[in-house]
């Protein structure tokens, strides 16, 4: 069954080896003043920074660097928005992974708003437009290069928010898999876990269709198979190209058009973890996943475990006991790609569990109204404790 | 392996029961003068014409009706373009199936060109823009509602051309599966065969990936399963909704981004058949499919039959003899949904086979350079003869 949906992704994907040569042509459509945004300098190590500076020799390039993982409203978004205003920026060029792109999306809307930017990010005020955004992706993970969302942390108030607006779809995303050859095993594993979790959030829904189940399972299969190759051979182009494309599809919505999913509960939980302890998003999601699955396992969800078991792990599921084998298989998979499956190993302090559970319920109403299980505070505490 | 690709589909899909109520809001973004285009009157039978006229009571609505299956440059495209110019049309509203939408796309570009419109359709002159197009789909088949292509016949010169331009993506496509409840068994079967063929054209390629194989197989599976339901229960919403969405995905490119396909040879063959004998496109494709497969079956293509056999028909393929069982399974499937598998039953005259083979090679250079088999005149004649 395909339920009612609206779908529109205007972003142009330019994918493959060497595609960046078209960057100047793309940027000049928007103007001459470019804000180049990036993170901790990995783009300098791989030579991408120099390549871009050479390509942009005829543009006025301003820079915002040092954008953090779990990008921060203060200083990064505020600094970027100020740079845009001061320099009449025509287009933002984000070069990096999901954090850099998310931060740049927030900059793009906040720069055109005179008031306090957080009012936009937190949904209090609606954006009326954004500076055009183009990106060059260097990490296969969040899918931000192909969606209209951004996740921003406000450390002053321990908050991490998902923000969405049609204005922040990138205009063009350049995806060259070679830029991910140097991504560490840890980041490769966490990026893949992030994308798998994105699909699982969409997969647990009550009106399955052959199309949607098939699309989602295909992309999970690709992620699982190719991450193993990429971990062993970091410069395997085939594996890196599938991972990169799979991650873009995973968060974009195209895999679940017409699904009845009512929320992204694992993300709500993880956002609290990252807000309190600044952990790597994909790792947090991987650790939570099996314990969230245990919590929502019921007769209503059994069919979902049946499909996952059959298609991904060759496990036939007839009973809830069988489904626990599927949950165990996910645990083993994430562990097998190198993610410690304990939050305490990432520095999470179990004394904060109750506070985080309260925070989750206060910040995302969908968690308490999830279609399968109304995750109350006790349920959240159980999931977090089991994940420690 | 994901090969280099560029992908951009700006069309907004508005899918589901009752979505048409938003039509006035969508149209008024473009202006007040609307050219309503439709076919033989089925939209009047199902009440859709009246529904739309009521919704558009505040617009100036001009009409072009009687658009043919295999839509004709003369009179339909020419008449439509003239109506646009005479009435300062702001937006074209196509209501119907692929023929109506294709014709409207051609009208949209030809209306803005002062010279002979066929020069644009045949690729001699490049379009510089198009009148915005919105559509309401009433037939699950060609996928024209979600792509940038149009196929137009010029009967004066026995030509049928595929035309593509970024300007002719529909702005918004309204897809309400209920409008397909009254589609005949014949059209339901032919529409499904069309979509399956679209995917097969993309599936036969030399650099398979887990993602692309999975996406394509998922949509074929959905089409095969749901067409049987819809043929038995024409008003089964679940089946009609999957068919409608599957057809939109089948031709849009999203299923084969990064594939290495070098042409759509079956379409080139069918276009000649329709140009000479005006047969139903999907039926022609279904009939050709098994015989085209026989022609290209080789060690190089065996892997493709392996995946199709395993995933769709539970046939294990190790040898070319096994692959013939898969070809037979496609033949039986198309026959089983009610398509006579002989071109002569559609009125094709075998005396024209040689002339059609010459026409195909003259009109589509990709047929002669197809990656697997360089389809020369003899090969085309073999395929057409076997299809009679």
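Residue numbers (my numbering), protein chains in the order written: chain H, 40 to 427; chain D, 40 to 427. Glycine included, C-beta positions come from ideal geometry on N, C-alpha and C.
- Selection H/116, H/109, H/280 and H/370 evaluated against residue 176 of chain H yields H/280 as nearest (Cα-Cα).
- The three-state secondary structure of residue 128 of chain H, taken from DSSP, is coil.
- Rounded to the nearest whole angstrom, the C-alpha separation of residue 378 of chain D and residue 180 of chain D is 15 Å.
- Within the segment 181-196 of chain D, no residue places its CB atom closer than 8 Å to a CB of chain H.
- Considering only beta carbons, no part of the segment 216-232 of chain H lies closer than 7 Å to chain D.
- Per DSSP, reduced to three states, the secondary structure at residue 50 of chain D is strand.
- For residue 99 of chain D, the secondary structure class from DSSP, reduced to helix, strand or coil, is strand.
- Note on geometry: alpha-carbon atoms of residue 261 of chain D and residue 216 of chain D lie some 15 Å from one another.
- Of all residues in the segment 273-292 of chain D, only 277, 280, 281, 284 and 285 come within less than 7 Å of chain H when Cβ atoms are compared, listed by chain position.
- Legend: CB atoms of the segment 296-313 of chain D lying less than 9 Å from CB atoms of chain H belong to residues 296 and 297.
- Going by C-alpha positions, residue 362 of chain D is about 33 Å away from residue 137 of chain D.
- In terms of Cβ geometry, residue 233 of chain H and residue 209 of chain H do not form a close pair [threshold 7 Å].
- Per DSSP, reduced to three states, the secondary structure at residue 193 of chain D is strand.
- Scanning its chain for C-beta atoms nearer than 7 Å, with the 5 sequence neighbours on each side dropped, one finds around residue 418 of chain H the residues 334 and 412, in chain order.
- The DSSP-derived three-state label of residue 69 of chain D is coil.
- With respect to chain H, the C-beta atom of residue 168 of chain D has no partner C-beta closer than 7 Å.
- Under the three-state reduction of DSSP, residue 352 of chain H is assigned to helix.
- In the assembly as shown, residue 343 of chain D is a buried residue. Its beta-carbon has 16 or more other beta-carbons within 10 Å.
- Under the three-state reduction of DSSP output, residue 134 of chain D falls in the strand class.
- Contact annotation: in the segment 102-116 of chain D, no residue has its CB less than 9 Å from a CB in chain H.
- Counting only Cβ-Cβ distances below 9 Å, residue 258 of chain H has contacts in chain D at 249, 250, 253 and 254, in chain order.
- Not a single C-beta of chain H is nearer than 7 Å to the C-beta of residue 345 of chain D.
- Annotated three-state conformation of residue 292 of chain H is coil, per DSSP.
- Bounds of any beta strand (DSSP E) do not take in residue 163 of chain H, whose DSSP letter is neither H nor E.
- The Cβ neighbour count for residue 195 of chain H, taken over all protein chains shown within 10 Å, is under 16; the residue is labelled exposed.
- Taking the beta carbon of residue 387 of chain D as reference, no residue of chain H falls within 9 Å; the closest one sits roughly 34 Å away.
- The beta carbon of residue 331 of chain D sits closer than 6 Å to those of 305 and 422, all from its chain and outside the five residues before and after it, given in chain order.
- In this structure, the CA atom of residue 240 of chain D is about 14 Å from the CA atom of residue 369 of chain D.
- Taking each of H/183, H/347 and H/67 in turn and checking the Cα distance to residue 52 of chain H, the smallest one comes out for H/183.
- Spatial neighbours of residue 420 of chain H in its own chain (CB-CB distance under 8 Å, excluding positions within 5 residues in sequence) are listed in chain order as 392, 393 and 396.
- In this structure, DSSP gives residue 208 of chain H a state outside helix and strand, which the three-state scheme calls coil.
- Contact of residue 380 of chain D with chain H is not assigned, every C-beta pair being separated by 7 Å or more.
- By the 16-neighbour rule on beta-carbons within 10 angstroms, residue 154 of chain H is exposed.
- Scanning the segment 352-387 of chain D for uninterrupted alpha helix (DSSP H) segments of 4 residues or longer gives 359-375, listed from N- to C-terminal end.
- Within chain D, no residue has its CB atom less than 8 Å from the CB of residue 332 of chain H, the nearest being about 23 Å off.
- For residue 112 of chain H, there is no enclosing alpha helix (DSSP H), since its DSSP letter is neither H nor E.
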